[in-house]
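In this note's numbering, the protein residues as written are 232 to 622.
Quick reminder that beta carbons are idealized off the backbone N, C-alpha and C, glycines included.
Here is the structure:
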């Protein structure tokens, strides 16, 4: 029996999307591809990540947390933030930019709020610590708000939302990142991709989970395009002259991502506003580095000192019947007549559930060859069993 379980049957999305005249293979549905790489169970993905993190001195509990969130990313179809991120975390530990043994601590604790120092711990460890603290405060006060500084990349935002949803809470979380995005009318990177997630529970294990970057695409999507040797849509990034860039390698060199919406005339100024909003809640509020004060992606010479914000709300403290209304509106949304019959209307989180179901049916995920090569390099370096050897 797989991990996927929902009382509403979801239909799968298309594997391919046509963007600006070329065919782009989605980062999702690797479990279905007739690839030269083996099918890897989620349990084996966790095992490999745990072994590699342990090899660089990560304590057992923290290594398990890393394995859980990275495998969850791949399980949900966010391959840019799963195994793809493992080498980055390891490099930061090996170069002394992140302390794998550090434990976050509370600097201020007042009622429903708390301010946390991440102590340069793994971002996932800081994220779980803060989210759990916000959940406990929501149980006591109806709402919990926790702000953290001194952190690192904390994985997929949606995982924290799902952890709160599983306890019946509404959850919002966000983080700043290194300056990769170009504000509207500017020609230089200033803010990060600044992701956020909002999750809300419904009946029968259903939910709404919006997990997104505030740029047109997360930088991990561009990294993943490099691994696949694929082009990127011209709306994702700009070149040195401020023109659209479709070569992912060049896009990673210039690191000039477009805000959500793209050009100003297409509403890109709204994306710039959302990026700034996340910066206020994560960086400015927490006292972490912010905007241009965060070092460049892949060129860190000192700890990143990223900021996060976690807000948890207990809907039981407000109007009764929250989950019933959520179920009603989700059902009505999904039943709307689609423009194209093979593309049903979906709510945020449905595509991830579709992917999870496919992974369960297939018995695992497939990684692109470039990713498998990286994993083989890591297994040899640390003397751990190769990925797939214990399927």
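Under DSSP, the beta-bridge partners assigned to residue 539 are 379 and 406. Around the C-beta of residue 555, fewer than 16 other C-beta atoms lie within 10 Å, and the residue is accordingly described as exposed. Pairing residue 456 with residue 430 gives a Cβ-Cβ distance that is not under 8 Å. If you look at residue 443, you'll find it in the beta strand (DSSP E) that goes 438-443.
Straight-line spacing of the CA atoms in residue 365 and residue 343 works out to 8 Å. Non-local beta-carbon contacts of residue 542 in its own chain, meaning distances under 6 Å to residues more than five positions away in sequence, involve 376 and 403 in chain order. For residue 432, the three-state secondary structure derived from DSSP is strand. For residue 465, the closest of 459, 489, 442 and 326 by C-alpha to C-alpha distance is 489. Between residue 353 and residue 320, the C-beta gap is smaller than 8 Å, which places the two residues in contact. In the structure shown, the three-state DSSP call for residue 412 is strand. For the pair residue 507 and residue 400, the Cα-to-Cα distance works out to about 26 Å. Within the same chain, Cβ atoms closer than 7 Å to the Cβ of residue 334 are found at 350 and 352, the five residues on either side in sequence being excluded. According to the DSSP secondary-structure assignment, residue 337 is paired through a beta bridge with 347.
Setting aside the 5 residues that flank it on each side, residue 304 is surrounded in the same chain by 312, 313, 386 and 387, each with a C-beta closer than 7 Å to its C-beta; the list follows chain order. Of all C-beta pairs linking the segment 514-523 to the segment 442-452, fewer than three are shorter than 8 Å, placing the two stretches out of contact. Out of 329, 274 and 272, the CA that lies nearest to the CA of residue 534 is found in 329. Pairing residue 575 with residue 565 gives a Cβ-Cβ distance under 8 Å. Its chain contains 418 as the residues whose beta carbon lies nearer than 7 Å to that of residue 473, once the 5 sequence neighbours on both sides are disregarded; these appear in chain order.
Per DSSP, residue 367 has no beta-bridge partner at all. According to the DSSP assignment, residue 316 belongs to the alpha helix (DSSP H) that extends over 314-325. Residue range 553-565 is occupied by the alpha helix (DSSP H) that includes residue 557. In this structure residue 525 is in contact with residue 407, their Cβ atoms being roughly 7 Å apart against a cut-off of 8 Å. Contact check for residue 379 against residue 538 passes: the beta carbons are separated by less than 8 Å. For the beta strand (DSSP E) assignment, the uninterrupted runs of no fewer than 3 residues enclosed by the segment 467-550 are, from N- to C-terminal side, 537-544. Remark: C-beta atoms of residue 355 and residue 427 do not approach each other more closely than 8 Å.
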